[in-house]
Structures are given as C-alpha cells and as structure tokens.
Amino acid sequence: MANIQKYFEIFHDEIRTDYDMNSDLREKKDIVVNLVKNSLKDKGRPICKELLQGSYRVGTGIKSIEDLEYDIDVGLRFPFKDSEYAGNIVRDWVYEAVDGHTDKVEKKGPCIRVTYSKGFHVDLVVYANWTEGEIDQYRLAHATKGWRLGDPPAMLEFVKNARKPFEGTEDDKTSTDQFRRIVRGLKRWTDEDIPNEEIFKPTGLALLLFAEKYLQASKSWDGSADDLTAFQNGAASGANLLDRISITKPTPEYEDCLRG
C-alpha cells in the first residue's frame, strides 16, 4: 500500500490555525480584554485576570468553512468568592464593557460573545477564582444557572496528559503530534458533514475527548506516524459500541458532552 502519510500532514497544515498564526484574532482578543479591564477600573470594580482556554490554547484550532465562525475562548478570572457577587451581576459588568464594540454582542449561556464581521468571535467566560486552603477554586457564571463548578486549569492539564502517548509522532513541518492532527481532522470532517451550527453537532471539546478515549498512537514499521490507521482504529472503536457514544467531561460539572 502506498504511503499516504504525507497527504494527511499536508491536509493538516492547510486546515490548522492557532493563536500564534492568527494575528487578527490576537489583536481583537487583546482589544476586548482591555475594554473589560479599563471599564472595571473606571467603575471601581474588581479587576479580572485573563486565562486563555479552548482550542487555541491546546493547539487544535482549525480554519472555518462555509458560514461557520471560528472563535477564541478567554477566561476572565475575578478575585473573589462566588458568594460575594451574583453571577449575572459580574456578567453584566463584562457585557457593559463590550456592548457596542461590534454590531453583535450577545449574552450566551456560558459566555459573553463579541462577534466580528471577518467571521470570528471572542467568547468571554466569567469565573470567580479564589483559594481555599491550597485548592484553587473556580466557578463559572452561567446566564441562567448562576455560578457553576469549573476547573479550566485541570482541563488544560488533562489535554497535556492526553498527548503524552503520542510523543514521537510529530510531523516535520508543523511539529504537531498525531493526537492534535487527528482532533483537527475530526473537527473538519464534522464541519463538512454538518456545515451549520446545529444542536446535535458535536462540539470541539466533545471531539477532543472522543480522541482521548478511543484514539491510540499509530506508527508504521519504520517508526513514522501513521495517521490513517489512527483514524481507522479510533472510528472503529466508537462504531463498534453496543450503546450510544458517551463522552464525560473530566472536570466539573462532569457532563456528557454528547448529550444534547
């Protein structure tokens, strides 16, 4: 069989994007975060600190297709306990700071979304963040559910550990390991198959967690990466289940990411 690994790597290079590559997104993210911090300072409110999270943080971002937008998730860590302020009040502080910055600023369930006409948006996720004993506490401000348990640093550590079995599978051009290449490929396949934002469409996080659960590092006889076999084996592991695929988030609130 012909070695087609190079074509998988070419495809990956064409679809990938990340925080360092996308200067527009970096610039807009900085503008939005500064708007929030300056507004908080001017009004004498607690000042937040930034926490970059999501696909741009873990290196699984892809370019958008059709009318889909790509985004960047930014955590805003406020230095107080969740008992000090109501979640909606803190979300309103953030919304007031960015309202009118673009033509479309929305209060979404887990975030405040600032959408740009170039086809991307910045999601601002509000956290209360404090320390109890030696344990760092996080609570996410949800639009309708109030403060919810969260642990974004633990999620980042989870992805870091998920990549360890794939050490030695990096490609020459982008130095990306097989795990992140496969996750990006799954995301592009999903966008091609479901080109609109539908409630039943798997999220990027769900696809990443699917890869962590079912993917194994695959190499050819000479020790080089074999992405085709990795894709095939991962897909077969999910397809051969007797029940529906269930993907539980490894951090609070431990929800099933494939249950609508």
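Residue numbering for the sequence shown is 109 to 368, as defined by this note's numbering.
The C-beta atom is built at its ideal place from N, Cα and C for all residues, glycine as well.
Residue i to residue j span [Cα, whole Å]
i, j, result
"S131", "K137", "10 Å"
"S147", "D200", "12 Å"
"Q340", "C156", "44 Å"
"Y115", "A338", "14 Å"
"D334", "W297", "18 Å"
"V234", "L143", "15 Å"
"H250", "R256", "7 Å"
"N108", "A347", "Residue 108 falls outside the range modelled here, since the chain spans only 109 to 368, and no answer is possible."
"G195", "F188", "11 Å"
"E240", "I118", "48 Å"
"L336", "A325", "11 Å"
"V206", "E214", "10 Å"
"N269", "F287", "11 Å"
"D330", "T284", "19 Å"
"V202", "L313", "25 Å"
"I243", "E192", "18 Å"
"I355", "L349", "13 Å"
"P273", "E306", "33 Å"
Any non-hydrogen atom of the ligand FMN within 8 Å of residue i CB
i, result
"I112", "Of the ligands one can find in the structure shown there are none, so the ligand FMN has no counterpart to examine."
Own chain partners of residue i with C-beta closer than 6 Å, once the 5 adjacent residues on each side are dropped
i, result
"T359", "D259, A262, M263"
"D231", "D179, D181, C219, R221"
"V166", "V267"
"G342", "Y322, L323"
Contact under 9 Å by Cβ, residue i with residue j
i, j, result
"G162", "D179", "yes"
"Y224", "A236", "no"
"P218", "F186", "no"
"V140", "L160", "no"
"G276", "K327", "yes"
"F266", "E320", "yes"
"F228", "E177", "yes"
"I173", "P310", "no"
"R271", "D279", "no"
"D364", "K357", "yes"
"Y164", "L133", "yes"
Local conformation of residue i per DSSP, three classes
i, result
"L366", "coil"
"Q245", "strand"
"T128", "Note that residue 128 is Asp in the sequence shown here, rather than Thr. Reduced to three states, the DSSP call for D128 is coil."
"H209", "coil"
"L350", "coil"
"N146", "helix"
"E214", "strand"
"I123", "helix"
"E135", "helix"
"E117", "helix"
Proximal residues to residue i (C-beta, below 7 Å), its chain only, five neighbours per side dropped
i, result
"R292", "H120, I123, R124, T168, I170"
"K212", "T223"
"E361", "R256, L257"
"K149", "I155"
Same chain only: Cβ atoms within 8 Å of residue i, ignoring 5 sequence neighbours per side
i, result
"L315", "V291, L294, K295, T298"
"S332", "Q113"
"K216", "D231, A251"
Any C-beta of chain C under 9 Å from that of residue i
i, result
"K149", "No chain C is part of this structure, which consists of one protein chain only."
Completely contained beta strand (DSSP E) runs for the region 160–205, where each covers 3 or more residues:
178–186
Ignoring anything shorter than 3 residues, give me the beta strand (DSSP E) runs that lie fully in the region 249–297, in order along the chain.
254–258
Whole runs of the alpha helix (DSSP H) within the region 290–341, excluding any shorter than 4 residues
312–322
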